[in-house]
Ligand SMILES: Cc1ncc(C[n+]2csc(CCOP(=O)(O)OP(=O)(O)O)c2C)c(N)n1
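Here it is in structure tokens:
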């Protein structure tokens with residue numbers, strides 16, 4: 240069983256992982272856009288512990304925390320993000336294209352495109368007679384794509400073991416959710432696809448765990464698809480380098496003051512489920528371990544230039 244203290248630990252790892260990634264932007268160790276999930280940790284941490292290796296999880300451009308929740312090796316992820324040949328994909332994919340076939344984890348930068356892939360995994364599990372489930376994590380911007388509607392309808396028709404987790408951080412880059420969605424929530428759309436829908440406070444890691452765990456159990460036992468909408472706020476710009484002028488300073492300051500890690504810490508202390516020393520110890524241990532991981536990843540080599548054409552054409556021996 241994953242305890243609240245365990246979930247707190249996951250959140251601290253997730254935050255420190257993202258902070259380590261941020262270090263590679265000004266130094267130009269990381270090329271291209273970097274999207275972090277700082278502020279959204281309670282969703283990934285709430286999903287931890289419910290999925291098996293043979294369950295599939297597809298994610299987005301903002302994928303690091305979901306990979307950690309699926310159990311993907313963090314060092315291999317960090318090395319991939321820092322473009323090293325020790326990375327998950329040999330340094331060829333970068334941060335938006337993390338793939339772990341053993342754990343059936345994949346990501347795509349194409350908004351909404353992970354949902355039909357997850358529906359395919361769910362359909363394959365059904366055909367194999369397995370009770371494996373498939374999860375797609377998407378943002379609120381993805382719920383207005385054709386891919387999402389089509390995949391949800393397919394999952395509803397076949398009552399597939401598909402769980403779509405929507406991280407509703409209210410903004411799709413500069414577009415507010417309420418200016419783009421015909422419905423006030425995503426969860427309320429679920430009955431249109433014969434799916435179960437629930438909306439939870441995505442800063443409340445226990446509420447996320449309860450909703451996600453319930454959806455996984457339902458899917459595994461033949462109860463069909465679910466949408467779990469978790470409300471949250473992204474603390475940083477859409478990507479590193481985003482001027483982020485579309486959100487007022489007042490809004491950003493007020494929302495960043497509601498930090499899911501601090502909320503979880505306060506709950507643990509209030510309930511006497513952890514002492515201040517234990518909390519401080521977790522924070523310190525994780526910070527030190529992440530610093531060491533980053534230092535060691537930085538010492539790895541980049542893929543050699545002669546490998547540049549690898550994985551482009553079929554290689555004939
Ligand atoms: C099909 C497609 N359209 C547009 C884009 C450009 N784009 C990248 S991220 C993004 C917004 C995504 O917002 P959301 O789904 O809410 O996720 P968030 O970034 O808030 O996590 C857009 C429009 C894209 N990558 N793919």
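Residue numbers (the numbering used here): 240 to 556.
Note that the Cβ used here is the ideal one computed from N, Cα and C, for glycine as well.
Note to self: Taking the beta strand (DSSP E) that residue 440 belongs to, which residues open and close that run?
What the structure shows: 435 to 440
Margin query: So residue 429 and residue 466 are supposed to be a Cβ contact under 8 Å. How far apart are they, rounded?
Written below: 5 Å
Notebook entry, point to check: If residue 281 and residue 308 are in contact, beta carbons under 8 Å, what's the gap, nearest whole angstrom?
Noted result: Rounded, the Cβ-Cβ distance is 11 Å, inconsistent with contact.
Item checked: Terminal residues of the beta strand (DSSP E) in which residue 470 lies -> 465 to 470
Notebook entry, point to check: Between the beta-carbon of residue 441 and the beta-carbon of residue 407, is there less than 9 Å?
Noted result: yes
Check: Taking residue 452 as the reference, which of 373, 268, 488, 364 has the closest Cα?
Finding: 373
Check: Does the separation of the CB atoms of residue 247 and residue 504 fall below 9 Å?
Finding: yes
Checklist line | Inter-residue spacing [alpha-carbon to alpha-carbon] between residue 464 and residue 301 | finding: 23 Å
Notebook entry, point to check: Does the separation of the CB atoms of residue 317 and residue 305 fall below 9 Å?
Noted result: no
Next item on the list: Write down the C-beta distance between residue 332 and residue 338 rounded to the nearest angstrom, noting that I regard them as a contact closer than 8 Å.
Entry: 6 Å
Note to self: Starting from residue 493, trace the alpha helix (DSSP H) in both directions and tell me its first and last residue.
What the structure shows: 488 to 495
Check: Quick one: is the Cβ of residue 581 within less than 8 Å of any heavy atom of ligand 1?
Finding: Because the chain in this structure spans residues 240 to 556, residue 581 falls outside the shown range and cannot be described.
Note to self: Restricting to Cα atoms, I'd like to know which of 241, 550, 268 is closest to residue 533.
What the structure shows: 268
Notebook entry, point to check: Are the C-beta atoms of residue 342 and some chain C residue less than 9 Å apart?
Noted result: Considering every chain present, this structure includes no chain C. It has just one protein chain.
Check: Comparing the CB of residue 242 with every heavy atom of ligand 1, is any distance shorter than 8 Å?
Finding: no
Checklist line | Whole-angstrom distance between residue 285 and residue 449, CA atom to CA atom | finding: 8 Å
Item checked: Identity of the residue in 291, 249, 271 nearest residue 313 by Cα -> 249
Check: Heavy atom of ligand 1 less than 8 Å from the Cβ of residue 427, yes or no?
Finding: no
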